[in-house]
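Q:
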Amino acid sequence: MASNIYVMSLKSQCQGIHVDQLELLCKKGCGYYGNPAWQGFCSKFWREEYHRARQKQIQEDWELAERLQWEEEEAFASSQSSQEAPSLTFSKSEEKKTTEKACKVTTVKKFLSASFRVGSKKAEIQEAKAPSPSINRQTKFLKTFHKTGQEIYKQTNIFLEGVHYKKDLSIKEQSECTQDFYHNVAERMQTRGKVPPERVEKIMDQIEKYIMTRLYKCMFCPKTTDDKKDLAIQKRLSALHWITPQMLCVPVNEEIPKVSNVVVKVITDTIEMDSKHEPRDKLACIKITKNEPASADHLLPTLIYILLKGNPQSLQSNIQYITRFCNPSWLMMGEDGYYFTNLCCAVAFIEKLDAQSLNLSQEDFDRYMSGQTSPKKQEPKSCFPDACLDVKQMCKNLDLLSQLNERQERIMNEAKKLEKDLIDWTDGIAKEVQDIMEKYPLEIKPQSQPLAAVDSENVENDKLPPPLPPQVYAG
Amino acid sequence: MAAAGGGAAAGRAYSFKVVLLGEGCVGKTSLVLRYCENKFNDKHITTLQASFLTKKLNIGGKRVNLAIWDTAGQERFHALGPIYYRDSNGAILVYDITDEDSFQKVKNWVKELRKMLGNEICLCIVGNKIDLEKERHVSIQEAESYAESVGAKHYHTSAKQNKGIEELFLDLCKRMIETAQVDERAKGNGSSQPGAARRGVQIIDDEPQAQSGGGGCCSSG
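Protein chains in written order, with this note's numbering: chain A, 1 to 475; chain B, 476 to 696.
1) If we cut at 9 Å on Cβ distances, does B:Q656 have a partner in chain A?
2) Hey, A:L64 and A:I207: beta-carbon distance below 9 Å or not?
3) Quick check on A:M394: buried or exposed, where buried means 16 or more other Cβ atoms within 10 Å of its Cβ?
4) Taking B:G565 as the reference, which of B:K662, B:G548, B:G626 and B:C500 has the closest Cα?
5) Could you give the distance in angstroms between the alpha-carbon of A:T467 and the alpha-carbon of A:I444?
6) Do the segment 343-360 of chain A and the segment 554-564 of chain B make contact, defined as three or more Cβ pairs closer than 8 Å?
7) With distance defined between alpha-carbon atoms, name the residue in B:I572, B:D574, B:T573 and B:C599 nearest to B:W584.
8) Please say whether B:Y570 and B:K642 have beta carbons closer to each other than 9 Å?
9) At the level of alpha carbons, what is the spacing between A:M212 and A:F325?
10) Does the beta carbon of B:R509 come closer than 9 Å to any beta carbon on chain A?
11) Is A:S538 helix, strand or coil when you go by DSSP?
12) How about A:A348: is its C-beta nearer than 9 Å to some C-beta of chain B?
13) From this set, A:G162, A:Q155, A:E161 and A:K209, which residue's C-alpha is nearest A:N184's C-alpha?
14) Going along chain A in order, which residues have a C-beta closer than 7 Å to the C-beta of B:R551?
15) Identify, in the order they occur along the chain, each residue of the same chain with its Cβ nearer than 7 Å to the Cβ of B:K638, setting aside the five sequence neighbours on each side.
16) In terms of residue numbering, what span does the beta strand (DSSP E) encompassing B:K609 cover?
17) Tell me the residue span of the beta strand (DSSP E) that contains B:S490.
18) Which value, in whole angstroms, describes the spacing of the CA atoms of B:I652 and B:Y489?
19) When burial is assigned at 16 or more other CB atoms within 10 Å of the CB, is A:R410 buried or exposed?
20) Against chain A, with Cβ distances strictly below 9 Å, would B:F527 count as a contact?
21) Starting from the N-terminal side, write out each stretch of the beta strand (DSSP E) that is 3 residues or longer and does not extend beyond the segment 565-649 of chain B.
22) Measuring CA to CA, which of B:E550, B:R650, B:C597 and B:L607 is closest to A:S357?
23) Assign B:D545 to one of three DSSP states: helix, strand, or coil.
24) Give me the Cα-Cα distance between B:A622 and B:S614, rounded to the nearest whole angstrom.
25) Any beta carbon from chain A within less than 9 Å of B:W584's own beta carbon?
26) Which residues in chain A sit within 8 Å of B:Y559, going by Cβ to Cβ distance?
27) Tell me, which residues are paired with B:L528 by DSSP?
28) Looking at C-alpha atoms only, which residue of B:I543, B:E595, B:K628 and B:S577 is the closest neighbour of B:R509?
29) At a threshold of 8 Å, does B:G593 count as lining the ligand SAM (C-beta to nearest heavy atom)?
30) Looking at chain B, is there any beta carbon in it that lies within less than 9 Å of the beta carbon of A:K209?
31) For A:Y153, which of A:Y210, A:V163 and A:Y339 has the nearest alpha-carbon?
32) Please state the DSSP three-state secondary structure of A:P465.
33) Please confirm whether B:A661 has its beta-carbon closer than 9 Å to some beta-carbon of chain A.
34) Helix, strand or coil for B:R538? Go by DSSP, reduced to three states.
35) Excluding sequence positions up to five away, which residues of its chain have a Cβ less than 7 Å from the Cβ of A:I429?
36) Here's the rule I'm using: 16 or more other beta-carbon atoms within 10 Å means buried, otherwise exposed. How should B:G602 be labelled?
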């Protein structure tokens, strides 16, 4: 009922602008648009010949098309839009025909049964896998699906087409359009389709996933604003790299290898967030953090610590992307919303962080910020508190190596000293010997004369007979 | 749509967001754990996920989905409060009856919430740990008269002995349903549907305000 009034008010606005389409009004003069495919009747009278529930859906689709067309035309120059509008209208009525044929086969009951929802999801998922096809290919692809679930699928595609025409709009307006679309689809499903709320939620999830996969490139991080902020946050995060878990009172003891491994894994997951396209998937990355601490008293500090250590890329863009294009209902209410809120809080805290919030004195904080000293150096035990076990082992080994090196040098020095000592010793000995030799020179005295004189004094010797010559005796 | 927490059509479940506020170690987490899982741990719970819990209720034929948001109680995170309590339907302000300081914190929270959210939020002031009655430092009379003066309701609970918790949440839910119904009626009279349709967009517009009001929001500025 609510959407009814909303749509009708839009309709009256449309009429004011689309003067050229007045001739398309219903032949019965009811004020609604007629359609050549319906013999010029408006949907209201055409409906009487067909299943009422089915027709309602068609009319809504028609209205949505008109609404989008109106938005397109408003956004563009009038000449351009007047050329495009008829062709668009035509293609849409063509689409309608095909769905109509399909619907004749299926009954109303079937339309409202679960099968159509499954079908629509399948279609969305399949399409989501297709790599950025052009609009033309899209419509062709559409015709291959004759399941009744096409209804939602078609609306989604119309919306996507609309977005392509609205590229010039600011990101804020685009986000508004997306939110409006979510709202309209969900409400239509509930009030017209009588889909139970749980189902609606699931379908909305799929729609969101599909849309966001297709629009990621143009919607994520518009050049003007977000990337500067990304850089600012990244700088801030790296400036605060010195923060230890103790300062934040994080109940994480990284000395235990099991814990530190979990921390490393969570950091990796956080960094991975940037590579995901759908807002929900991005959040899933954050959610893993919850495995660790129990209460919010612990969750938030831990998340802050993880962010500081991981320094994930383009954090701001990711947050903006989520707030802009997520279905607001679960962003505010659900569990994902809670974790997202925590992420926002963590970022806000990091941005505003000062000495007081870390229980540090201002001087200490300034010193750490300027990089003059690091709190890590003061506690040599945890020289790399964020390192995993392997790195720690490496550190230990390096330590050992440097110790070994030291010892080796010492040995070398000792050896050199020993060598020198040895040389000195030999020299000393030699010198000593020399000294002694000098002191007590070795004098070989000549044959002393007195000895001869002893003989010479014996004058009588001459008179002795000559010594007997040696004689050889044979024998 | 569901962001406001109302259940528009009959037969649809109400969804309420309840935020838990209070100083660290007053028993916020224990309280909600006891309520949702009927668990209590004397030592600090380390393995259980307890910062976000949901509970489904049926009150007089009305289905209610309760989403309970725990918040970090440390003083340094106080400024982040507005990000948490934004769009919540109810707030449970917990203090420790043995700790006068924690009651002062509750007063601060009440002031802030009334300033930021007006009377749309249902406030519950909860004196926890009544099993430690002997060590009470906050007088019952003082607490109750204060609660009355700010339009909040006062409850005595013990997460350890599972006292008063069921009543607290049940009562809060009833009050939130009433508020939601009043809200719906007001909306019905106004009948400005396009405005309601754009509700989702408004949430985004709200963010700069939330930032200026409190500790700040990450998403802009």
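We put the beta carbon where it would ideally sit given N, CA and C, even for glycine. Here the structure is a predicted model, which is why all the values come from computation and not from measurement.
A: The short version:
1) Position 181 of the second sequence, counted from the first residue, corresponds to residue 656 of chain B. By this cut-off, B:Q656 is not an interface position.
2) Taking the first sequence and counting its residues from 1, the one referred to as residue 64 of chain A is at position 64. Taking the first sequence and counting its residues from 1, the one referred to as residue 207 of chain A is at position 207. No, the pair does not count as a contact, with Cβ atoms beyond the cut-off.
3) Against the first sequence, residue 394 of chain A aligns to sequence position 394. By the 10 Å Cβ count, A:M394 comes out exposed.
4) As a working note, residue 565 of chain B is residue 90 in the second sequence. For B:G565, the nearest C-alpha among the options comes from B:G626.
5) Taking the first sequence and counting its residues from 1, one reaches residue 467 of chain A at position 467. Taking the first sequence and counting its residues from 1, one reaches residue 444 of chain A at position 444. It is worth fixing the name first, because residue 467 of chain A is Pro in this sequence and not Thr. One C-alpha to the other measures close to 32 Å.
6) yes
7) Stepping through the second sequence from its first residue, residue 584 of chain B is reached at position 109. Comparing Cα-Cα distances from B:W584 to each of B:I572, B:D574, B:T573 and B:C599, the minimum goes to B:C599.
8) Residue mapping note: residue 642 of chain B aligns to position 167 of the second sequence, counting from 1. Residue mapping note: residue 570 of chain B aligns to position 95 of the second sequence, counting from 1. It is Glu, not Lys, that sits at residue 642 of chain B in the sequence shown. No. Outside cutoff.
9) If you number the first sequence from 1, residue 212 of chain A lands on position 212. If you number the first sequence from 1, residue 325 of chain A lands on position 325. Cα to Cα, the separation comes out at about 8 Å.
10) Along the second sequence, read from residue 1 onward, the residue named residue 509 of chain B stands at position 34. By this cut-off, B:R509 is not an interface position.
11) Because chain A spans 1 through 475 in this model, residue 538 of chain A falls outside it and cannot be assessed.
12) As a working mapping, residue 348 of chain A is identified with position 348 in the first sequence. Yes, its Cβ sits closer than 9 Å to a Cβ of chain B.
13) To locate residue 184 of chain A, count along the first sequence from 1; it is residue 184. Measuring from the Cα of A:N184, the nearest candidate turns out to be A:Q155.
14) Indexing the second sequence from 1 puts residue 551 of chain B at position 76. Within chain A, the residues near B:R551 are S357.
15) Sequence index remark: in the second sequence, residue 638 of chain B carries index 163 (1-based). Around B:K638: I605 and T632.
16) Residue mapping note: residue 609 of chain B aligns to position 134 of the second sequence, counting from 1. It is not in any beta strand (DSSP E) - B:K609 carries neither H nor E in the DSSP assignment.
17) Numbered from 1 along the second sequence, position 15 holds the residue referred to as residue 490 of chain B. Run containing B:S490: Y489 to G497, per the beta strand (DSSP E) assignment.
18) Here residue 652 of chain B refers to the residue found at position 177 when the second sequence is read from its first residue. Here residue 489 of chain B refers to the residue found at position 14 when the second sequence is read from its first residue. If I take the Cα positions, the gap works out to 8 Å.
19) To locate residue 410 of chain A, count along the first sequence from 1; it is residue 410. By the 10 Å Cβ count, A:R410 comes out exposed.
20) Looking up residue 527 of chain B in the second sequence gives position 52. At least one chain A Cβ lies under 9 Å of B:F527.
21) 565-571, 597-603 and 628-631
22) On the first sequence, position 357 is the one that residue 357 of chain A refers to. Considering only alpha carbons, the answer is B:E550.
23) In the second sequence, counting from the first residue as 1, residue 545 of chain B sits at position 70. Correct three-state label for B:D545: strand.
24) Position 147 of the second sequence holds residue 622 of chain B. Position 139 of the second sequence holds residue 614 of chain B. Answer to the nearest angstrom: the Cα atoms are 12 Å apart.
25) Within the second sequence, residue 584 of chain B is the residue found at index 109, counting from 1. Chain A contact via Cβ: absent.
26) Residue mapping note: residue 559 of chain B aligns to position 84 of the second sequence, counting from 1. Correct list: T341 and C345.
27) Here residue 528 of chain B is taken as the residue at index 53 of the second sequence, counted from 1. B:I543, per the DSSP bridge assignment.
28) Here residue 509 of chain B corresponds to residue number 34 of the second sequence, with the count starting at 1. It is B:I543 whose Cα lies nearest to the Cα of B:R509.
29) Within the structure as shown, the ligand SAM is missing, as the structure has no ligands at all.
30) Taking the first residue of the first sequence as position 1, residue 209 of chain A is located at position 209. It does not; no Cβ of chain B falls within 9 Å.
31) On the first sequence, position 153 is the one that residue 153 of chain A refers to. Nearest option by C-alpha distance: A:Y210.
32) Taking the first residue of the first sequence as 1, we reach residue 465 of chain A at position 465. A:P465: coil per DSSP, three-state reduction.
33) As a first step, residue 661 of chain B is located in the second sequence; it is residue number 186 there, counting from the start. B:A661 does not count as touching chain A.
34) If you number the second sequence from 1, residue 538 of chain B lands on position 63. If DSSP states are grouped into helix, strand and coil, B:R538 belongs with the strands.
35) Position 429 of the first sequence, counted from the start, is the residue given in the question as residue 429 of chain A. So no residue of the chain qualifies.
36) For the purposes of this step, residue 602 of chain B is taken as the residue at position 127 of the second sequence. When all chains shown are included, B:G602 counts as buried.
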